[in-house]
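A quick write-up on the structure given underneath.
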Amino acid sequence: MTFSLAVALAVASCSSPDVKAPEPVLPIPEQKQVEWQKMETYAFIHFGLNTFNDREWGYGDSDPATFNPARLDCEQWAKTLVNSGMKGVILTAKHHDGFCLWPFKGTDYSIANSPYKGGKGDIVRELSDACRKYGLKFAVYLSPWDRHQANYGTPEYLDYFYAQLRDLLTNYGEVFEVWFDGANGGDGWYGGAKEARTIDRRNYYNYPRIYEMLDSIQPQAVVFSDGGPGCRWVGNERGFAGATNWSLLRKGEVYPGYNKHLELQYGHADGNQWVPAECDVSIRPGWFYHPEEDGRVKTPEQLVDLYYRSVGHNGTLLLNFPVDRNGLIHPVDSANAVKFHQLVQEELKTNLVAGVVPEVSNERGGKFTASAMTDTGYDTYWATEDGVHAADVEFSFRRPQRMNRMLLQEYIPLGQRVKSFVVEYKDKGGEWLPVRLNEETTTVGYKRLLRFETVVSDGIRIRFTDSRGPLCINNIGVYDAGEGADVVYAVPAEQIQSMSFSLPGKSEEAMAAASDRNGQTTLFIDGDSLVIDLGKERTVSSFHFLPDQGEPNKGLIANYELSVGTDAGRINRVVKAGEFSNIKNNPVMQSVYFTPVTARYILLKATRMIVPGEAMGFAEIAVQ
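Numbered by my numbering, the letters in the sequence shown go through residues -4 to 619 in order.
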C-alpha cells in the first residue's frame, strides 16, 4: 500500500468533517505490516534431515534415505497450533543443509529421494492444505545458505536459489511471510568440497531483485531478514524484545549477519524505515527435535513470560515447534503450548475499563475523543491537539479495584509516537504513586503489556510525558491477572542476580555488606554518591538495591540521578532520574530500568534524602 493510500484510509476511517486527523509521523507501516502485527503469535516448524540425524545445522552430507517419518500428520500440527492460539505457521522448506521438504526439480537433494511416501511426498503441500482447512495463515522459510550445493558462492547458485523461491511462491497458495535467515556462508559439504566459503552478505544474493519477485507474486507477504524490509530479527533467539522497542530502523544500515545485533532488540529511535521486530524462540533448547530434550520443554509459565516480553513489547512471537521423528508435534510441547494460551486468555479475560470513558487532560475533538480508547474498534482512537505531545488519561472507579496488568496501543497506521510514559494509582490518601513494575516505560507501539505489582485503588492513570507528535491511542485495558500475579516481584535478597562489580575506595568488608545476599547487613556511605565499577565495559540495563532493613530504616534515598560512563573521570551520561516512591513506608527492593547502554562505571547520586544529611544505606546492590 502506498503512503498516500494508507493515510487516506486512516483519515477516512477516523476523521470528522469538522476535525482533521493528526498528520502521520513518518515512517509509517504498509497495511500488510499492520495486518501482520495483528497476528501477534504464530508458529515455526523446524523439520528435516536434521531431525533424523540429531543435528541443528546439517552439514549438507546426510543421506536423504534417513528421512522417513512413520506417522507424519500435518493436520495434527495445525490443530495443535490453533489450540495454542497461533494465527499462522512458517515451515522450514529448506534449512542450511539444503534438503528440500518439497520435490523441487532442480536438485536430487529433496523429499523426492527419501522413503517418505515412496518419494511422492510434499510436506509443503500437506501443511499448506492443512492450514487452509483449519484457518491458519501459511508461510515459508527458505535458507539462502546451502551447504549441499557444489556451486554455492558462485553466480550460478543464485539462479538455483531464485528458482526455489519462485517455485514456493507460485505453487502453494498465499503466504503471509517469507523468512530469510541471517546465517550465510561458512563451512559446508558443497558437493564434496568440504570447505569454508565466504560471501558478500550485503550484495551476493541481490535482495532488490528478490523483493521485486516477491512483490510480483506474493505482494501481501512480509519479508523477514535481519533488517527487514517487512520485519526484522529481534537480535536474539530467546523470544523477547526490549521494553524500549521502536518499529523503526535506519534504512540500508542493517544487513543479513549484521554484527550489532543487540541493538535490534530496541530498534532505532531515529529510524526512517518501518521494520517491526519478530521475536523467534524454540519451545525446546534446540530448533530441531532431539529426544534428550523431551524433559526440557519450556513451561506454560515461561511461555507466558515471553508473550509479555514479545507481543507485549511491540513485537510478534514466533514460537518454534521441533516436529519429532514420527512426524508429530510431541505431546509435551503440545500440552504446554495449549496451557500457555489458556493462561494468557485467563490473565487478560476481563477489561476493567471496557466502555469506561476516562478523563483526559487534552482532546482533539471530533471523533478523536477519550471514549475511542475503550470501545471495541481498532481504527478508532483518542488524539491530542497539534503541538500537544504530553497528556494524562485517568480512570476512576466507584469502588476500589484490584489491578496488576495494563494494555496500551498506539494507532500505528499514523506512526509510532510515544517516547515515555508513567502509570500511577491513587492511594488511600488520594496521593498518586507510580505502580511498581520491572521495566522502563518508554515506547508503546502496536501493543504494550505491563505487569505491575497488585494495587487496590479507585483510580489509575497513564501520564504520557513525551511523544514524537500528537498522541494517538486506540486501546487501553486494565486487568486483574488473579492469584500468582505478583510472583515476579517476590525476589528474596539471597536470590538477587548481579554482574560482578567493585566499589572503588571501599574495603572488602564494606563491600560484602552490600553483596552478601543477606538483607540484614547494610553498607552505609557518607555523602551523596555511590560509584560502581564493573571491571570492564558491559551492556547494562538496570540497577537494583535493597535499602537498609533495620528498625528504623536509615539512609533512605528519596530522589536520585543515575549516570554511566566508560571512564572513571567522566561518569556523566544520565540514563534515569526520579524518585523512590513510598520508600519511607515500604523500603523494598528499588529497581531502576533504562534503555541498555555500554558502560564500565555507574554513578548513583542521591539528590534528596528522606532524612537530610544521613549516610546512604544499601543492604544489597545488583546490576543487570
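Cβ coordinates follow ideal geometry from the N, Cα and C atoms, glycine included.
Item                                                                                                                                                                                        : Value
Which ranges does the alpha helix (DSSP H) cover as unbroken runs of at least 4 residues, wholly within the region 493 to 572, from first to last along the chain?                          : 503 to 508
When the Cα of R458 is compared with those of M506, V355 and T516, which residue comes out closest?                                                                                         : V355
Would you call N166 buried or exposed, if buried means 16 or more other Cβ atoms sit within 10 Å of its Cβ?                                                                                 : exposed
Return the bridge partner residues of V135 from the DSSP annotation.                                                                                                                        : L86 and V173
Could you tell me if S(-1) is buried or exposed, where buried requires 16 or more neighbouring beta carbons within 10 angstroms of its beta carbon?                                         : The predicted position of S(-1) is uncertain, since its pLDDT is 41 and thus under 50; a value taken from the coordinates is nonetheless stated next. S(-1) should be labelled exposed.
Tell me, which residues are paired with G360 by DSSP?                                                                                                                                       : F363
Which residue's Cα is closest to the Cα of S576: Y253, W427 and T364?                                                                                                                       : W427
Could you give the distance in angstroms between the alpha-carbon of P542 and the alpha-carbon of R192?                                                                                     : 56 Å
Work out the CA separation of R400 and I407 for me, nearest whole Å.                                                                                                                        : 22 Å
Which two residues bound the contiguous alpha helix (DSSP H) that contains H336?                                                                                                            : P326 to E342
Could you spell out the range, first to last residue, of the beta strand (DSSP E) harbouring V473?                                                                                          : C467 to Y474
Of all the options I578, S586 and A594, which has the alpha carbon lying nearest to the alpha carbon of R603?                                                                               : I578
Suppose you measure from the CA of G80 to the CA of E504; what does that come to, to the nearest Å?                                                                                         : 53 Å
Can you tell me which of the three DSSP states G113 falls into?                                                                                                                             : helix
Quick check on DSSP: helix, strand or coil for W256?                                                                                                                                        : Checking the sequence, you will find His at residue 256 rather than Trp. If DSSP states are grouped into helix, strand and coil, H256 belongs with the helices.
With a CB to CB cut of under 8 Å and the five nearest residues on each side skipped, what residues in its chain are close to G350?                                                          : T369 and D370
Could you check whether the region 57 to 73 touches the region 320 to 327, counting it as contact only if at least three pairs of C-beta atoms, one from each stretch, sit closer than 8 Å? : yes
Spatial neighbours of Y588 within its chain, please: CB distance less than 8 Å, with the 5 preceding and 5 following residues excluded, ordered by chain position.                          : A238, N433, E434, E435, S536, S537 and K571
When the Cα of E25 is compared with those of A216, A145, Q337 and G101, which residue comes out closest?                                                                                    : A216
By the DSSP assignment, the beta strand (DSSP E) with Q229 in it spans what residues?                                                                                                       : Before going on, a small fix: residue 229 reads as Val here, not Gln. It is not in any beta strand (DSSP E) - V229 carries neither H nor E in the DSSP assignment.
Can you give me the Cβ contacts of A3 inside the same chain, cut-off strictly under 7 Å, excluding the 5 residues immediately before and after it?                                          : Bear in mind that the predicted position of A3 carries a pLDDT of just 43, short of 50, making it too unreliable to give a figure here.
Check each candidate in C274, V318, F316 and P317 and name the one with the smallest Cα separation from D300.                                                                               : C274
In three-state DSSP terms, what is E273?                                                                                                                                                    : strand
Could you tell me the distance, in whole angstroms, from the CA atom of Y261 to the CA atom of G113?                                                                                        : 48 Å
State whether the region 554 to 568 contacts the region 455 to 475, with contact taken as three or more CB pairs (one from each stretch) at a distance under 8 Å.                           : no
Let me check understanding here. Comparing Cα to Cα, which of V333, G266 and E288 lies closest to E296?                                                                                     : V333
Pairs of beta-carbons, one from the region 241 to 257 and one from the region 404 to 421, closer than 8 Å: are there three or more?                                                         : yes
Any idea which residues DSSP pairs N315 with across the strands?                                                                                                                            : F39 and S277
Tell me the DSSP secondary structure of Y250 in three-state form.                                                                                                                           : coil
Determine the DSSP secondary structure at K414, reduced to helix, strand or coil.                                                                                                           : strand
Taking the alpha-carbon positions, what's the W174 to Q268 distance?                                                                                                                        : 19 Å
Residues in the same chain with beta-carbon distance under 6 Å from N554, minus the five sequence neighbours each way, listed in chain order, please.                                       : E574, T602 and R603
Could you check how far apart the C-beta atoms of V170 and V135 are, in whole angstroms? I think they sit under 8 Å.                                                                        : 6 Å
Would you mind sorting V526 into buried or exposed? The rule is 16 or more other CB atoms within 10 Å of its CB.                                                                            : buried
Just reading off the beta strand (DSSP E) that T593 is part of, what are its end residues?                                                                                                  : Q585 to M604
DSSP beta-bridge partners for E419?                                                                                                                                                         : P429 and R456
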